[in-house]
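Going letter by letter, the sequence shown gives residues 1027 to 1138 in the working numbering.
Notes follow once the structure below has been shown.
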Amino acid sequence: EVFYRYCDRATQLRLEVERKDLGDTPSLKVSVLLRYLLGASYALYLQTIHRDDAVLRSDTVDVLRDALKDVLHVVEIFSAQSEAIREELYWCLYNSSLLAVRMCRWLRLHGF
């Protein structure tokens, strides 16, 4: 629910990042956007596995696949930035890979 509260600001930041309208602190805007998107993906992952730990619902795998697509989108945004911005945001690439591995491991352990 917290992530939906800030959805408008994240949409505004996403448009600024896509237009390369970053102003004086480009890495700060990109950092806030990527942190929001990763946090939302992680929250969706946790909500999904806590709601259906035994994978009884048919949509559980689909929701996690969508969360993995969101993580891939974060990496695409990261990759589209200049080298100077990417150097400041390597934590994002690391956290994205950890989150993707965590989701894939959970799916693998449950037979997918």
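All residues carry an ideal CB built from backbone N, CA and C; glycine is no exception.
Please read all numbers here as calculations on a predicted model, not as lab measurements.
For residue i, count neighbouring C-beta atoms within 10 Å of its own C-beta (all shown protein chains included) and say buried if the count is 16 or more, exposed if not.
| i | result |
| --- | --- |
| Val-1127 | exposed |
| Leu-1125 | buried |
| Gln-1073 | exposed |
Along the chain, where does the alpha helix (DSSP H) that runs through residue i open and close?
| i | result |
| --- | --- |
| Thr-1051 | From DSSP, Thr-1051 is part of no alpha helix (DSSP H); its letter is neither H nor E. |
| Leu-1119 | 1116 to 1135 |
When DSSP labels each residue in this structure, what does residue i get in the three-state scheme?
| i | result |
| --- | --- |
| Phe-1104 | helix |
If we call anything under 8 angstroms between Cβ atoms a contact, is residue i one with residue j?
| i | j | result |
| --- | --- | --- |
| Leu-1133 | Leu-1063 | no |
| Ile-1103 | Leu-1060 | yes |
| Ala-1093 | Leu-1070 | yes |
| Val-1100 | Ser-1123 | no |
| Lys-1055 | Leu-1041 | no |
| Phe-1138 | Val-1097 | no |
| Glu-1114 | Ser-1053 | yes |
| Val-1081 | His-1136 | yes |
Verify the contact flag: residue i, CB atom, against every heavy atom of the ligand GDP, threshold strictly below 7 angstroms.
| i | result |
| --- | --- |
| Tyr-1062 | Within the structure as shown, the ligand GDP is missing, as the structure has no ligands at all. |
Worksheet item: Quick one: complete alpha helix (DSSP H) runs, 4+ long, within the segment 1050 to 1085?
Response: Qualifying alpha helix (DSSP H) stretches, in chain order: 1052 to 1077.
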